[in-house]
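Asker:
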Amino acid sequence: MLSNGRASRAFTLVVCLFAGLVPASAADPEIEALKQELRMLKERVSAQQAEIDQLKQRAPAQAAAAAPTAPAPTRAVPESAAQATSMEGGKPWYADRLQLGGYGSLRFETNDAGVGRGFTMRRFVLTTDARLSSRIRLYTETELERLHEIEIEKGARAEAGGLRLSQAVEGNNGAEIGLEQAWAQFNFTEKHGFRAGVVLPPLGRFNILHDDDYWDLPRRTLVDRDGPVTPVKTAWRELGAGFVGGFDIGEAGKLDYQFYVLNGATLDFNVESVAQTRRPQRTKMEFEGSLGLTSGAFDGSQSARAFAWRAAYSPTLAGEFALSGYHGRYVPLYLGVSEPVNSLGFDYKWRWRALELEGEVIYSSFGKLNRVAEALARTIGNSSVETSSAETRRLESEIEFEFGGLARTRYGFWNDIKYHWRPALLKRSFLGRPFEDPQLIPIIRYERVWLNRNLSELAFQAGAITALETQNLQQDRLSAGLTYRPVRALGFQFAYEHNRRIDGPVLVFPRIAKKSVNGFVSGLVFGF
614 MLSNGRASRA
624 FTLVVCLFAG
634 LVPASAADPE
644 IEALKQELRM
654 LKERVSAQQA
664 EIDQLKQRAP
674 AQAAAAAPTA
684 PAPTRAVPES
694 AAQATSMEGG
704 KPWYADRLQL
714 GGYGSLRFET
724 NDAGVGRGFT
734 MRRFVLTTDA
744 RLSSRIRLYT
754 ETELERLHEI
764 EIEKGARAEA
774 GGLRLSQAVE
784 GNNGAEIGLE
794 QAWAQFNFTE
804 KHGFRAGVVL
814 PPLGRFNILH
824 DDDYWDLPRR
834 TLVDRDGPVT
844 PVKTAWRELG
854 AGFVGGFDIG
864 EAGKLDYQFY
874 VLNGATLDFN
884 VESVAQTRRP
894 QRTKMEFEGS
904 LGLTSGAFDG
914 SQSARAFAWR
924 AAYSPTLAGE
934 FALSGYHGRY
944 VPLYLGVSEP
954 VNSLGFDYKW
964 RWRALELEGE
974 VIYSSFGKLN
984 RVAEALARTI
994 GNSSVETSSA
1004 ETRRLESEIE
1014 FEFGGLARTR
1024 YGFWNDIKYH
1034 WRPALLKRSF
1044 LGRPFEDPQL
1054 IPIIRYERVW
1064 LNRNLSELAF
1074 QAGAITALET
1084 QNLQQDRLSA
1094 GLTYRPVRAL
1104 GFQFAYEHNR
1114 RIDGPVLVFP
1124 RIAKKSVNGF
1134 VSGLVFGF
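Structural data, given as structure tokens:
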């Protein structure tokens, strides 16, 4: 190692030699010694660089040997070597650009009505968030709801006198697999972009923030799920495209916006068939159909007939106030009529120290319900079933239709009041160690819904309505709960709820003819 003085003299010598100011013959013994040290330093640097190059070459092989079972990337690797690895070297292109996550929840409930008791695996959701560049983003969300297995068996074998084909599908009741979101976003600027794919219509705040681990009560709201006044219950998704972004207002304010053109909610059907044998002679085949509003088609069979929007103003980081809307046509073309659905919403969130307020109001109208009922009667009543054999004539057929969610108008609201309590006793107890920010969150929610001229019965003969009955239903619900969160992404929830019928012959939820229902609900929510 050269001293500071000798290093300075060496540097001066090098500069002079390159400039041609000092001839070789003028070099004294001290200069010759310095030149010798410089040559030795150069050799050491060259040796160290060669050693570094060897380590770089061995690093990928060592990493592969350490993890021989690591899966290969499922997407094509970029051709450019600069794109294929990060600046640190050796990392796959997606290491810093792809985030995997998800959330889920489990619930237990009991009540004095004797319905809906026991444990429910509410849902498990997986998310992917890929940032392909600073301007391109891909996001997906796949839900497994109340699902623990699907088993499919299929076989074929030759038997005496013919061929035996068999097929069986097994699964648990109420199970569902759903694609909640799958969209791509291209940003024009840092704060404005174009988004297309399976998106969440931004009507209110609950539908776009429905992740279970975000909320501190184990049941979703009446307005958005149990007695929905939205066109489709949460989680409502549609296929479409639109623009998203935001503007800065003042020093701390911000205005965010979303606007989408969508295929739109539609009146759709489900059919359930029941085979029944009876003595002495006749058997019965029963078809039970249900009609209600669902998410629009994903197969291209329906044109884009709706749009949704939301504008949210945040004066500070403490909260926001938002207006939103949804407008479209919901009657399918084969019914021959066209009726609009229009929804407007207001929502807010505000936090002051540990106190937090959050709520939503939504109003929806569905046009002239009589025209829709007449179109249903005309279309269904003109259908026929041909009978051509004695065996078929001995079969009694029955067709029933149930109408869900069809009302002239639907509206409602909910409000949450909660407190993020961080007592010192909790921090010192076994519930708080060793977590950085354990919380107890007491919460109260009050909600209420109105379903005006809700279609309850429709009878028809030869294409004409013979009976049409509507009901005005009104219900509120009060929930009081406590959530313990050792960390933000995990919550243990406990709540008492009181459902009360205010108007109509039955409760909106649960659908029973009682004046009120009291229940206890607990849950576990998590996110990652």
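In this note's numbering, the protein residues as written are 614 to 1141.
From the three backbone atoms N, C-alpha and C, an ideal C-beta is built for every residue, glycine too.
No experiment lies behind these values; they were computed from the predicted model shown.
Residue ranges of each beta strand (DSSP E) run of no fewer than 3 residues wholly in the segment 791-848, ordered along the chain?
Answerer: Segments of the beta strand (DSSP E) lying fully in the segment 791-848: 805-812.
Asker: In this structure, what does DSSP give as the bridge partners for Glu971?
Answerer: DSSP lists Lys962 and Asp1029 as partners of Glu971.
Asker: Tell me whether the beta-carbon of Gly1104 lies closer than 7 Å to the beta-carbon of Arg720.
Answerer: Not closer than 7 Å, so no.
Asker: In this structure, how does DSSP classify Val950 when only helix, strand and coil are distinguished?
Answerer: Correct three-state label for Val950: coil.
Asker: If you follow the alpha helix (DSSP H) that Leu1038 is in, where does it begin and where does it stop?
Answerer: Ala1037 to Arg1041 is the span of the alpha helix (DSSP H), which, as asked, contains Leu1038.
Asker: Please list the terminal residues of the continuous beta strand (DSSP E) segment that includes Val1138.
Answerer: Here the beta strand (DSSP E) through Val1138 covers Ser1129 to Gly1140.
Asker: For Arg570, which of helix, strand or coil comes out of DSSP?
Answerer: Outside the modelled stretch of the chain, which goes from 614 to 1141, sits residue 570, for which no answer is possible.
Asker: Please confirm if the segment 719-739 is in contact with the segment 747-761, defined as three or more CB-CB distances below 8 Å between the two stretches.
Answerer: Touching, yes.
Asker: For Gly715, report the span of its beta strand (DSSP E) as first-last.
Answerer: Start and end: Leu711 to Asn724.
Asker: Mind reading off the beta-carbon distance from Gly958 to Ser978? Whole number of angstroms is fine, and I expect it under 8 Å.
Answerer: Going by Cβ atoms, the distance from Gly958 to Ser978 rounds to 13 Å, so no, they are not a contact pair.
Asker: Could you spell out the range, first to last residue, of the beta strand (DSSP E) harbouring Asn1112?
Answerer: First-last of the beta strand (DSSP E) with Asn1112: Leu1103 to Asp1116.
Asker: Tell me the DSSP bridge mates of Gly938?
Answerer: DSSP, once it has assigned bridges, lists Trp922 and Leu957 as partnering Gly938.
Asker: Below 7 Å between beta carbons: does that hold for Ala795 and Val811?
Answerer: Going by C-beta atoms, Ala795 is nearer than 7 Å to Val811.
Asker: On the criterion of 16 or more Cβ atoms from any shown chain inside 10 Å, does Pro846 qualify as buried, or is it exposed?
Answerer: A small fix is needed here, since residue 846 is Lys in this sequence, not Pro. Looking at its Cβ environment, which holds 16 or more other Cβ atoms inside 10 Å, Lys846 is buried.
Asker: Please identify the residue among Val944, Arg710, Ser746 and Leu760 whose C-alpha is closest to the C-alpha of Phe732.
Answerer: Considering only alpha carbons, the answer is Leu760.
Asker: Rounded to whole angstroms, what's the CA-CA distance from Arg1098 to Pro831? Just pull it up for me.
Answerer: Approximately 13 Å between the Cα atoms of the pair.
Asker: Taking buried to mean at least 16 other C-beta atoms within 10 Å of its own C-beta, is Gln712 buried or exposed?
Answerer: Classification for Gln712: exposed.
Asker: On a Cα-Cα basis, can you pick out the residue from Gly1140, Ala1093 and Ile1115 that is closest to Phe1133?
Answerer: Minimum Cα distance to Phe1133 is reached at Ala1093.
Asker: Quick one: using the 10 Å Cβ neighbour count with 16 as the cut-off for buried, is Glu789 buried or exposed?
Answerer: Exposed is the call here.
Asker: Would you list the residues sitting across from Glu764 in a DSSP beta bridge?
Answerer: According to DSSP, which records beta bridges pairwise, Glu764 is partnered with Glu783.
Asker: For Leu930, which residues from the same chain have a beta carbon less than 8 Å from its beta carbon, with the 5 sequence-adjacent residues on both sides left out?
Answerer: Within the same chain, Leu930 has close Cβ partners Ala865.
Asker: For Asp912, count neighbouring Cβ atoms within 10 angstroms of its own Cβ and tell me buried if that reaches 16, exposed if not.
Answerer: Counting Cβ neighbours within 10 Å, Asp912 comes out exposed, since fewer than 16 surround it.
Asker: Leaving out the 5 sequence neighbours to the left and right, which residues in its chain are closer than 8 Å to Gly1025 when beta-carbon positions are compared?
Answerer: Closer than 8 Å at the Cβ level, and outside the excluded window around Gly1025, lie Leu835, Val836, Gly840, Val842, Val974, Ile975, Glu1060, Arg1061, Val1062 and Trp1063.
Asker: Taking the alpha carbon of Val1100 as the point to measure from, which residue in Gly787, Tyr827, Glu766 and Leu776 has its own alpha carbon closest?
Answerer: If we check each option's Cα against that of Val1100, Tyr827 comes out closest.
Asker: From Gly817 to Ser779, what does the alpha carbon distance come to, in whole angstroms?
Answerer: Distance between the alpha carbons of Gly817 and Ser779 is about 48 Å.
Asker: Just how far apart, CA to CA, sit Ser1129 and Phe1107?
Answerer: For Ser1129 and Phe1107, the distance between alpha carbons rounds to 20 Å.
Asker: If you pair each beta-carbon of the segment 857-874 with each one of the segment 792-809, do three or more pairs fall below 8 Å?
Answerer: Yes, the segment 857-874 is in contact with the segment 792-809.
Asker: In whole angstroms, what is the alpha-carbon distance linking Ala1126 and Glu722?
Answerer: Whole-angstrom Cα-Cα distance: 20 Å.
Asker: Hey, out of Asn1131, Val1138, Asn1112 and Asn1085, whose CA is closest to Pro1118's CA?
Answerer: Checking every option, the nearest Cα to that of Pro1118 belongs to Asn1085.
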